[in-house]
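Participant: The numbering used here puts the sequence shown at residues 3 to 826. My structure is below; once you've seen it, I'll send some questions.
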Amino acid sequence: MKALILILLFLIPLSSLISAQGTADGPVEVSKNIPPKKDGKHRDPSPKTAPVNIPLVEAKPVIDGVLNDEVWRSAARFSDFVQTQPGDNIAPSSPVEAMMAYDKTTLYIAFRVTQDKDKIRATVSRRDEIFQDDYVGLFLDTFNDKQRAYALFFNPFGIQADGTYAEAGGEDYSVDIVMQSKGVLTDNGYTVEIAIPFQSLRYAIGKGKNWGLQLYRRAKWNNNELDSWMPDDRSVSGNLSKAGHITGIEDISEKRTLEISPTITLSQSGRRSRYSFNNDPAGRYVNDGVKADIGFTAKFGITPNTTLDFAYNPDFAQVEADAPVTSANQRFPIFYPEKRPFFLERIDMFQSPMDLVNTRSIVDPDIAAKLTGKTGKNTFGLIYASDKAPGNFSKDERESYKICSALHAGDPTRYCPAGRLIDRNADIGVVRYKRDIGRESNFGLFGTTYNFVDRHNHTGGFDGRLRFDKKTVFEFQAIGTHTRGFFYDPKTDRVDYRTGNGVGYSGWIERAGRNFYMNFVVQGRSSDYRADVGYTNRTDTNGAGLFMRYRTDPKPKATIVSKQIAFASNVDFDWKGRTQRRMSEIRASVNLQKNSNITLALQQGYERVFEHEFGPMRTPTRLGAFFGPSSERSAPMKAIQIRASSTPIKQLSFNLLFDNTWGTMDYDFGAGDFPRASIAAQLLGQNAPLYPGPGTALTISAFVQYRPTTALRTDFSFDKSRLRRYDTGLVAFDDNIFSSRTTYQFTRDIWVRARLDYSTLAKRFRPQIVMGWTPKPGTALYVGYSDDLSYNGRNPYTRQLEPGFHGNGRTFFIKASYLFKRSF
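In structure tokens form, the structure reads like this:
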């Protein structure tokens with residue numbers, strides 16, 4: 003705690019010093035632009051003297067992709083694009099022009115790209131899945147704070163990929179924005195026309211406001227060429243600090259908007275039953291009846307930059323399942339990204355280095371509310387949810403509770419723990435505040451709370467991002483946690499109900515240069531650290547890491563376009579100072595023609611595990627979690643890793659990974675049909691104490707995407723993970739995951755997707771087919787079927803072998819929603 007106080011005392015005067023640099027609405031930094039140069043060599047920028055004025059127009063263009071409307075004759079024009087990838091601020095392979103205008107309700111944007119028609123890559127794809135095509139787009143920083151912007155991109159048919167960009171977190175295309183766009187192919191390229199209602203944006207209000215703007219064009223055929231309106235100074239970190247500016251967007255109609263999207267889901271499921279009743283065996287297959295679930299979400303725009311979201315009994319089931327991953331030999335929880343629209347909007351506001359907020363911890367709320375906004379330099383966010391998932395027991399669990407209660411009536415000593423939990427909701431809350439200081443810095447506060455019966459967790463902390471100069475950025479976070487709940491004590495081998503207080507911290511600093519880049523990171527969590535609303539992969543750990551990279555100047559027309567070499571080193575240790583893991587890596591890569599890359603990495607490290615991390619600590623009268631005389635295990639580690647990727651033709655792309663690691667620790671958990679492979683398990687049986695030990699791990703990953711037509715896309719992937727122990731020579735686990743996913747796009751709004759996954763370790767097939775109609779955010783219709791089948795697998799509850807195919811669970815669903823929108 004003293005360390006946190008010292009950090010805070012250091013940061014407060016530092017923040018004041020940075021705030022003296024000026025605010026985002028002060029004098030505009032002059033951006034640089036470069037006239038096209040035909041020799042393909044870098045040249046120093048020449049100045050662009052002022053932000054571009056966007057004209058107010060009366061006539062509305064027809065959004066059909068054809069740039070023949072009157073509005074484009076008077077629109078502001080953006081030309082003289084430069085190639086920033088693979089070239090370094092040189093002339094683009096072909097001309098690019100953008101235009102922009104607005105009326106009181108809508109921002110209009112158009113792009114005209116001159117390009118050989120045969121080289122254009124364009125498919126009729128789903129929203130947000132255009133990045134294997136050519137595309138145009140923009141970063142739009144509507145508050146000009148150089149920290150966050152809308153990321154809006156469009157392929158040659160005008161299909162959208164929309165989301166946000168944050169300097170602290172990168173691009174996130176999980177957010178969908180209501181807008182219109184259409185593109186058409188021409189004899190000498192393509193044109194795209196876009197209309198974005200101001201009601202879909204959040205922006206600073208008032209006259210004389212400047213917005214940050216960067217315009218882009220991607221040409222896949224020319225080594226993934228990227229052209230931009232403003233040049234890219236590679237010695238400056240970030241992107242928004244290098245953006246240009248627009249002005250003159252005033253007198254916008256400030257209407258409030260109310261959006262309501264009712265949802266209905268019909269589903270019928272089958273499943274394996276965990277419990278045995280009426281002499282039926284455990285694991286029997288049962289069919290549930292048809293279930294109807296009705297709810298709605300609503301959004302109210304209080305001001306142009308403040309929004310209230312509310313959901314009642316929302317259907318938060320995912321339309322498509324998460325991709326399968328190997329869970330064998332995993333000590334820590336696996337992170338799955340958020341996919342639900344209600345939480346995705348402004349999710350960047352709640353993200354932080356320590357993952358203090360992970361909205362997937364809100365599983366199935368009865369109600370949820372979210373208030374987000376920005377006023378001047380102040381950004382704020384509130385989330386509340388009443389989550390029924392912790393107390394929403396299954397039919398089998400409820401039947402088991404009824405039987406227990408009946409037995410309790412005759413035997414008061416019988417305890418039925420489910421009675422305290424059944425049909426109880428968890429109350430979850432998040433508070434977020436952030437204040438901009440200076441041009442590109444901020445300081446913020448965080449708070450979360452999770453309360454369910456006898457489980458109570460509260461967190462609080464501060465974080466920030468400080469830009470010292472064009473090359474150097476520092477990010478930090480410090481957290482305190484208070485928990486009243488159950489903690490396992492390895493000294494007594496008991497689960498105690500008690501109070502636990504913990505701390506967590508994170509610091510990250512980067513230094514960017516034209517050819518050289520480096521960063522240094524530290525992060526840690528104490529043993530009693532708990533963040534039940536967030537994601538925590540490990541406690542009682544500290545870590546420090548250094549990364550350095552040098553890359554050569556690109557040569558776009560050479561066989562080897564560019565080269566780079568990188569070095570990384572990190573170490574983890576517990577709060578007693580004992581090393582847990584150490585790893586160093588040197589990596590070299592070359593970028594070749596046809597978007598090709600080859601990377602070779604060599605690693606050397608060490609891992610150490612302790613008995614108390616796996617179970618009870620040994621005493622003179624009690625065995626510990628580990629077999630043998632030692633309460634810890636350690637092993638050195640070496641690895642070689644090879645990666646390759648390419649797009650040899652526009653219809654085909656692939657990625658390959660080979661990794662062989664000597665000295666990977668097997669934690670002796672066993673996996674699937676693979677029994678524990680340690681000496682202890684071989685001598686004393688599968689219930690023997692754990693005996694972690696090293697072995698050789700092989701990882702192979704391959705991904706191929708094939709796009710034979712503009713409407714059809716097929717992805718194939720293969721992931722292999724195998725670990726063979728040294729001491730016994732036995733395979734601890736061997737998992738091979740095969741996946742295929744095929745999408746056919748009938749139109750830009752109507753599609754069907756079929757998916758099949760198979761794991762040799764689980765011996766399960768998981769087929770899924772979904773058909774969707776998604777004309778705009780909030781309005782959609784999905785019809786889908788998913789299944790889970792074992793083949794020559796085992797009963798999940800009795801572990802008995804079951805020859806042939808056996809069902810584990812299936813679902814048929816119809817989900818429909820419609821967006822009602824009114825402005826007033």
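Backbone N, C-alpha and C fix where the C-beta goes; we use that ideal spot for every residue, glycine too.
In chain order, which continuous runs of the beta strand (DSSP E) of length 3 or greater are located wholly inside the region 394-471?
Facilitator: Correct list: 428-439, 443-454, 457-469.
Participant: CA-CA distance, residue 820 and residue 315?
Facilitator: Here residue 820 refers to the residue found at position 818 when the sequence shown is read from its first residue. Here residue 315 refers to the residue found at position 313 when the sequence shown is read from its first residue. If you take the alpha carbons of residue 820 and residue 315, they lie about 16 Å apart.
Participant: Between which two residues does the beta strand (DSSP E) harbouring residue 664 extend?
Facilitator: The count along the sequence shown starts at 1 and reaches residue 664 at position 662. Taken as a continuous stretch (DSSP letters only), the beta strand (DSSP E) holding residue 664 covers 654-668.
Participant: Does DSSP classify residue 684 as helix, strand or coil?
Facilitator: The residue given as residue 684 occupies position 682 in the sequence shown. Helix, per DSSP.
Participant: Can you name, in chain order, every residue of its own chain whose Cβ lies under 6 Å from the Cβ of residue 337, other than the five neighbours on each side?
Facilitator: By 1-based counting over the sequence shown, the position of residue 337 is 335. The answer, listed in chain order, is 537.
Participant: With burial defined as no fewer than 16 other Cβ atoms inside 10 Å of the residue's Cβ, what is the status of residue 156: buried or exposed?
Facilitator: The sequence position of residue 156 within the sequence shown is 154, counting from 1. Buried: at least 16 other Cβ atoms inside 10 Å.
Participant: Please name the residue, chosen from 575, 594, 592, 579, that lies closest to residue 585 on a Cα-to-Cα basis.
Facilitator: Here residue 585 is taken as the residue at index 583 of the sequence shown, counted from 1. The candidate whose alpha carbon is nearest that of residue 585 is 575.
Participant: What does a CB cutoff of less than 7 Å around residue 653 pick up in its chain, not counting 5 residues either side in sequence?
Facilitator: Position 651 of the sequence shown, counted from the start, is the residue given in the question as residue 653. Within the same chain, residue 653 has close Cβ partners 708, 709, 710.
Participant: Around the Cβ of residue 333, are there at least 16 other Cβ atoms within 10 angstroms (buried) or fewer (exposed)?
Facilitator: On the sequence shown, position 331 is the one that residue 333 refers to. Exposed, since its Cβ has fewer than 16 Cβ neighbours within 10 Å.
Participant: Using the beta-carbon count (16 or more within 10 Å), is residue 631 buried or exposed?
Facilitator: Here the question's residue 631 lines up with position 629 in the sequence shown. Result: exposed.
Participant: In the DSSP assignment, find the unbroken beta strand (DSSP E) run with residue 523 in it and report its ends.
Facilitator: Residue mapping note: residue 523 aligns to position 521 of the sequence shown, counting from 1. Note, residue 523: beta strand (DSSP E), 518-527.
Participant: Going by alpha carbons, who is nearest to residue 525 out of 515, 482, 478?
Facilitator: As a position in the sequence shown, residue 525 is number 523, starting the count at 1. Looking at the Cα atoms, 478 is the closest of the given residues.
Participant: Pull up the CB-CB distance for residue 755 and residue 762, whole angstroms please, since I reckon it's below 8 Å.
Facilitator: Taking the first residue of the sequence shown as position 1, residue 755 is located at position 753. Taking the first residue of the sequence shown as position 1, residue 762 is located at position 760. Rounded, the Cβ-Cβ distance is 24 Å, inconsistent with contact.
Participant: Less than 7 Å between the beta carbons of residue 99 and residue 127, yes or no?
Facilitator: Taking the sequence shown and counting its residues from 1, the one referred to as residue 99 is at position 97. Taking the sequence shown and counting its residues from 1, the one referred to as residue 127 is at position 125. Cβ distance not < 7 Å, so residue 99 and residue 127 don't count as in contact.
Participant: Helix or strand or just coil, what does DSSP make of residue 553?
Facilitator: As a working note, residue 553 is residue 551 in the sequence shown. In the structure shown, residue 553 sits in a strand (DSSP, three-state: E or B).
Participant: Can you give me the C-alpha to C-alpha distance between residue 227 and residue 306, rounded to a whole angstrom?
Facilitator: As a first step, residue 227 is located in the sequence shown; it is residue number 225 there, counting from the start. As a first step, residue 306 is located in the sequence shown; it is residue number 304 there, counting from the start. Computed Cα separation, rounded: 36 Å.
Participant: With distances taken from CA atoms, which of 566, 582, 567, 565 is nearest residue 573?
Facilitator: The count along the sequence shown starts at 1 and reaches residue 573 at position 571. Looking at the Cα atoms, 582 is the closest of the given residues.
Participant: According to the Cβ coordinates, are residue 372 and residue 456 closer than 7 Å?
Facilitator: Translated into the one-based positions of the sequence shown, residue 372 becomes position 370. Translated into the one-based positions of the sequence shown, residue 456 becomes position 454. It is not a contact, given that the beta carbons lie outside the stated cut-off.
Participant: Taking the alpha helix (DSSP H) that residue 73 falls in, what are its first and last residues?
Facilitator: Counting from one through the sequence shown, the residue named residue 73 turns up at place 71. Taken as a continuous stretch (DSSP letters only), the alpha helix (DSSP H) holding residue 73 covers 73-76.
Participant: Pick out whichever of 726, 55, 233, 69 has its Cα sitting closest to the Cα of residue 88.
Facilitator: Residue numbering aside, residue 88 sits at position 86 when the sequence shown is read from its first letter. Measuring from the Cα of residue 88, the nearest candidate turns out to be 233.
Participant: Apart from the five residues on each side of it in sequence, which residues of its chain come closer than 6 Å, Cβ to Cβ, to residue 360?
Facilitator: Counted from its first residue, the sequence shown places residue 360 at position 358. Counting only Cβ-Cβ distances below 6 Å, and skipping sequence neighbours, we find 536, 537.
Participant: Taking 7 Å as the threshold (C-beta atoms), are residue 727 and residue 679 in contact?
Facilitator: In the sequence shown, the residue the question calls residue 679 occupies position 677. In the sequence shown, the residue the question calls residue 727 occupies position 725. For residue 679 and residue 727, yes; Cβs fall inside 7 Å.
Participant: Are three or more beta carbon pairs between the region 230-249 and the region 651-670 nearer than 8 Å?
Facilitator: No, because fewer than three Cβ pairs between the region 230-249 and the region 651-670 fall closer than 8 Å, the two stretches do not touch.
Participant: If you run the structure through DSSP and keep just helix, strand and coil, what is residue 627?
Facilitator: By one-based count along the sequence shown, residue 627 stands at place 625. Residue state, collapsed to three classes: coil.
Participant: Suppose the cutoff is 7 Å on Cβ atoms and the five residues either side in sequence are ignored; what does the same chain contact list for residue 638 look like?
Facilitator: The residue given as residue 638 occupies position 636 in the sequence shown. Once the five neighbours on either side are set aside, the close Cβ partners of residue 638 are 608, 665.
Participant: Pairs of beta-carbons, one from the region 385-393 and one from the region 422-438, closer than 8 Å: are there three or more?
Facilitator: These segments touch.
Participant: Using DSSP with H/G/I as helix, E/B as strand and the rest coil, what is residue 352?
Facilitator: Taking the sequence shown and counting its residues from 1, one reaches residue 352 at position 350. In this structure, residue 352 counts as helix in the three-state DSSP scheme.
Participant: Is it a yes or a no for the region 212-230 touching the region 131-147, going by three-plus beta-carbon pairs under 8 Å?
Facilitator: Result yes; three or more Cβ-Cβ pairs closer than 8 Å.
Participant: Let me know the secondary structure DSSP gives residue 478 once reduced to three states.
Facilitator: If you number the sequence shown from 1, residue 478 lands on position 476. Three-state DSSP puts residue 478 in a strand.
Participant: Closest by CA to residue 2, which one among 697, 671, 643?
Facilitator: In the structure as shown, the chain starts at 3 and stops at 826, and residue 2 therefore has no counterpart that could be examined.
Participant: Could you tell me if residue 354 is buried or exposed, where buried requires 16 or more neighbouring beta carbons within 10 angstroms of its beta carbon?
Facilitator: Walking along the sequence shown from the start, residue 354 turns up at place 352. Flag for residue 354 reads buried.
Participant: Suppose the cutoff is 8 Å on Cβ atoms and the five residues either side in sequence are ignored; what does the same chain contact list for residue 503 look like?
Facilitator: The count along the sequence shown starts at 1 and reaches residue 503 at position 501. Here the set comprises 482, 483, 484, 485, 530.
Participant: Can you list, in chain order, the residues of its chain with a C-beta nearer than 7 Å to that of residue 714? Leave out the 5 residues immediately preceding and following it.
Facilitator: Numbered from its first residue, the sequence shown carries residue 714 at position 712. Cβ neighbours of residue 714 beyond the five flanking positions: 746.
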